[in-house]
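Q: Numbering (full-length UniProt numbering), first residue to last: 1 to 417.
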Ligand SMILES: Cc1cc2nc3c(=O)[nH]c(=O)nc-3n(C[C@H](O)[C@H](O)[C@H](O)COP(=O)(O)OP(=O)(O)OC[C@H]3O[C@@H](n4cnc5c(N)ncnc54)[C@H](O)[C@@H]3O)c2cc1C
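1. With 16 other CB atoms within 10 Å as the buried threshold, where does residue 423 fall?
2. Can you confirm whether the region 393-403 touches the region 327-346 when touching is taken to mean that 3 or more C-beta pairs between the two stretches lie within less than 8 Å?
3. So, residue 73 versus residue 241, is the Cβ gap smaller than 9 Å?
4. Can you tell me whether residue 271 is buried or exposed? The criterion is at least 16 other CB atoms within 10 Å of its CB, across all chains shown.
5. Taking the C-alpha atoms as reference points, what is the distance between residue 167 and residue 217?
6. Would you call the region 131-149 and the region 88-95 touching, i.e. three or more CB-CB distances under 8 Å?
7. Quick one, which of 407, 258, 292 and 250 has its alpha-carbon nearest residue 140's?
8. Taking the alpha carbon of residue 155 as the point to measure from, which residue in 191, 116, 184 and 98 has its own alpha carbon closest?
9. What are the start and end residues of each continuous beta strand (DSSP E) run of 3 or more residues lying completely inside the region 178-204, in chain order?
10. Less than 9 Å between the beta carbons of residue 172 and residue 202, yes or no?
11. Quick one: what does DSSP say residue 244 is sitting in, helix, strand or coil?
12. Exposed or buried, residue 321, counting other C-beta atoms within 10 Å across all chains shown (16 or more means buried)?
13. Less than 8 Å separating the Cβ of residue 169 from some heavy atom of ligand 1?
14. Which residue's Cα is closest to the Cα of residue 355: 111, 67, 181 and 383?
15. Distance check for residue 316 and residue 164, CA to CA, integer angstroms please.
16. Keeping to the same chain, check which residues put their C-beta closer than 6 Å to that of residue 345; ignore five residues upstream and five downstream.
17. I'd like to know whether the C-beta of residue 371 is nearer than 9 Å to at least one C-beta of chain B.
18. Pull up the distance between the alpha-carbon of residue 102 and that of residue 70, whole angstroms please.
19. So does residue 126 have its beta carbon nearer than 8 Å to some heavy atom of ligand 1?
20. In angstroms, rounded to a whole number, what distance separates the CA positions of residue 375 and residue 265?
21. Could you tell me how far apart the beta carbons of residue 196 and residue 158 are, in whole angstroms, since I believe they sit closer than 8 Å?
22. By a C-beta neighbour count over all protein chains shown, 10 Å radius and 16 as the cutoff for buried, is residue 237 buried or exposed?
23. Taking the DSSP output, what are the residues bridged to residue 255?
24. As a quick exercise: from 95, 153, 276 and 234, pick the residue whose alpha carbon is nearest that of residue 191.
25. Can you tell me whether residue 294 is buried or exposed? The criterion is at least 16 other CB atoms within 10 Å of its CB, across all chains shown.
26. Under DSSP, the beta strand (DSSP E) around residue 157 begins and ends at which residues?
27. Quick test of the definition: if touching needs 3 or more C-beta pairs under 8 Å, does the region 277-292 touch the region 106-125?
28. Short of 7 Å in beta carbon distance, which residues of its chain neighbour residue 79, apart from the five on each side in sequence? Order them along the chain.
29. Cutting at 6 Å between CB atoms, please list the residues of its own chain near residue 138, excluding the five before and the five after it.
30. With DSSP collapsed to three states, give me the class of residue 90.
31. On the three-state DSSP scale, how would you describe residue 119?
32. Is the CB-CB distance between residue 307 and residue 126 below 9 Å?
33. Is residue 296 closer than 9 Å to residue 372 when the C-beta atoms are compared?
34. Exposed or buried, residue 368, counting other C-beta atoms within 10 Å across all chains shown (16 or more means buried)?
35. If you drop the 5 nearest sequence neighbours on each side, which residues of the same chain put their C-beta closer than 6 Å to that of residue 149?
36. Is any heavy atom in ligand 1 found nearer than 8 Å to the beta carbon of residue 386?
Shown next, in the form of structure tokens:
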């Protein structure tokens, strides 16, 4: 099964020549005479990827979800499998070891993994939509040749921006970098860094000239063996298998060639990457909500009370229908943001909306799913309660819900004032 998944995932990229001349099938579907297609229309490549990730999630992830959650640890077999199946370099070019696929493909993979385990999903999401994307977009050729094959094939990455005193106000970060000959010396600490316990490759944001404010922020790439210390692994409410750690940098020496995108460009890199990263979190939350729905709804047609299936009571039917509408709206917003990004159009507002709404839907649908399953939904055995615990993070990371609303409001003000 996995071998066939490998065959499906790896060659999903269309030949280079075709990629250059054929726009996304989203807007060129032959099934639709107008040339426009629904947001449920996918290329053959995207559909194949979805099916192969579904198989992988069922075969490899599903049997490990409960233990990983209880032990608060990612199973290394899953990390290894994601690399082997080409899911850790989804948009990276084939010559650098990636699957050379589309952004929407990455979104689909994140969504499908989240249906089974949102922890595995966010690991894949951060690695692809933040770490790989920073390097694909801002690194020079030598840096790309060096780092992207490692990130596609075996080395997990993490994105180190937040600090104890700078969360929503991320650019108030205190980590400093000082030039020392051909090196940079980094001192400071980071907090809440996803993947950092298992990661080998770290993108670190540090200020090289605090007098310039956010314009001093610079992005560096480092490896764990350069001396990055894991200070603390957090114990969390949800996504417990996804590692979240505090890091210390104590005179961490990084070669000058490890600056990504140029000195002082860290602010721009972080802002732009997080804008698109939010579509990944929307996809994670969408998958999570669908996973909870898929687990709980069939149960409502099996469980009988008062002589009939509980799912056939109007009170239940209406709640289920309402949840299905919420899911559909989150799905359309997420896919729409992904397609806008892929088509090179502005997408910041739509990404913020998708992330905000999908995280609301994830909380609401997973909460309802527990209630639909009654007492058993409240036990850890069914796994339904885990979706609800996991959903809470969607309103916090990569910009809290308030920060998304702030972004959306800025666009509205600009348009109307
Ligand atoms: C599990 C987990 C994984 C994470 N992974 C990463 C990672 O990989 N890399 C990384 O760099 N960071 C990561 N983060 C950090 C995450 O992005 C921050 O937690 C988030 O940005 C919020 O910052 P904060 O926790 O400091 O909350 P605060 O910024 O202190 O916010 C607390 C509350 O105040 C509100 N608030 C703050 N400012 C405003 C405002 N201007 N207007 C209205 N309300 C406001 C917020 O909305 C929130 O409700 C992760 C966090 C968690 C919990």
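For every residue, glycine included, the Cβ atom is placed at its ideal position computed from N, Cα and C.
No experiment lies behind these values; they were computed from the predicted model shown.
A: The relevant details are as follows:
1. An answer regarding residue 423 cannot be provided, because it is not within the stretch 1 to 417 covered by the chain.
2. no
3. yes
4. exposed
5. 15 Å
6. yes
7. 258
8. 98
9. 183-194
10. no
11. strand
12. exposed
13. yes
14. 111
15. 44 Å
16. none
17. Going by chain labels, chain B is absent from the structure shown, which holds only one protein chain.
18. 34 Å
19. yes
20. 52 Å
21. 5 Å
22. exposed
23. 183
24. 234
25. exposed
26. 157-160
27. yes
28. 156 and 198
29. 260, 261 and 269
30. coil
31. helix
32. no
33. yes
34. buried
35. 96 and 97
36. no
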